[in-house]
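Enquirer: One structure follows; several queries about it will come next.
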Amino acid sequence: MYSRTLDGQTLNFEHARFLHQGSFVMYDRETISLWLHTTGEAVVGDRKGQTLEFLPSSVTTWKTWRTEHPETLVLNVKQGTGPRFRLRDKPESGGLSVGRPDDTLKLYPLSILQQRRVINDRLGRREIVVFFDPDNWVFAAFERGDRNFAWKDGRIVDQSDRKWNLLRGTSDELSLTPVPAVTWLTSYWKRFYPHGDVYKEAVE
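Residue numbers (my numbering): 8 to 211.
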């Protein structure tokens, strides 16, 4: 998810109806520049070389989101008759990309997240935690500071056994700073970030 305000101008985007290295391409109506949805970078046109601000967001199901935010409205767009591909059907082919392309980026394989549910890690200079609830298909990443998190009895807790809301990153009056996180097909992610870091389980 990106901010569509750049250099004080609010841009309006549409689908360009073609792909680039597996990424769909969009264009802004104002300059007709072409942008990659996967990186937020303009690759053709007056805005070439510029990048949209990457905003933190959570990946979840509509049911889970609606429970947390009952007043939310959703845009219902006709999906047509084409087949739908869902990462949850093939978790070994995907990952959660955490961080910013212009800073530090790491891919967390879904197969590992399904097993671990909670990963305490370091991303660049930041201590982070990556959450995954496979039952509700919820992903999120936050700066964790000096806290360590774990999955215990069906909930997320810190070292003080304090319960945390995975979607909001909150616990009573406390809150965590979200880190941008978005799901990718691993093969596509490696095309865009061939030197990117992929999380691996530590060898005991």
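The C-beta atom is built at its ideal place from N, Cα and C for all residues, glycine as well.
How is W144 classed by DSSP in three states: helix, strand or coil?
Expert: Coil, per DSSP.
Enquirer: Buried or exposed: P187, going by 16 or more other Cβ atoms within 10 Å of its Cβ?
Expert: Its Cβ being crowded by 16 or more others within 10 Å, P187 is buried.
Enquirer: Take V50 as the anchor and find which of G131, Q122, Y34 and P63 has the nearest alpha-carbon.
Expert: The residue with the shortest Cα to Cα distance from V50 is Y34.
Enquirer: Counting only the same chain and skipping the five closest in sequence on each side, list residues whose C-beta sits under 8 Å from that of L26.
Expert: Within the same chain, L26 has close Cβ partners V32.
Enquirer: Tell me the DSSP secondary structure of P206 in three-state form.
Expert: The amino acid at residue 206 is misidentified as Pro; the sequence shows Tyr. DSSP places Y206 in coil when its eight states are reduced to three.
Enquirer: Mind checking which residues open and close the alpha helix (DSSP H) that includes F4?
Expert: This structure does not reach residue 4, given that the chain is present from 8 up to 211, and the question cannot be answered.
Enquirer: Start and end of the beta strand (DSSP E) containing S30?
Expert: Element bounds for S30: S30 to D35.
Enquirer: In angstroms with no decimal places, state the Cα-to-Cα distance between K207 and L117.
Expert: Cα to Cα, the separation comes out at about 11 Å.
Enquirer: Which residue wins for smallest C-alpha separation from G102, given the options N127, S64 and I119?
Expert: Residue I119 is the option with its Cα nearest to G102.
Enquirer: From the DSSP output, which residues share a beta bridge with Q16?
Expert: DSSP lists L13 as partners of Q16.
Enquirer: Using three-state DSSP, classify T184 as helix, strand or coil.
Expert: If DSSP states are grouped into helix, strand and coil, T184 belongs with the strands.
Enquirer: Could you check the C-alpha separation between S65 and R11 for me, to the nearest Å?
Expert: For S65 and R11, the distance between alpha carbons rounds to 18 Å.
Enquirer: So who's on the other strand from P116, going by DSSP bridges?
Expert: The partner list for P116 (beta bridge, DSSP) reads G102.
Enquirer: What number of angstroms, rounded off, separates the C-alpha of L192 from the C-alpha of G106?
Expert: Spanning the two alpha carbons is a distance of roughly 16 Å.
Enquirer: Comparing alpha-carbon positions, which option in L174, R36 and N127 lies nearest D153?
Expert: That would be N127, whose Cα lies nearest to the Cα of D153.
Enquirer: Comparing alpha-carbon positions, which option in T177, L43 and E134 lies nearest T111?
Expert: The candidate whose alpha carbon is nearest that of T111 is E134.
Enquirer: Spatial neighbours of T68 within its chain, please: CB distance less than 8 Å, with the 5 preceding and 5 following residues excluded, ordered by chain position.
Expert: N143, W144 and V145.
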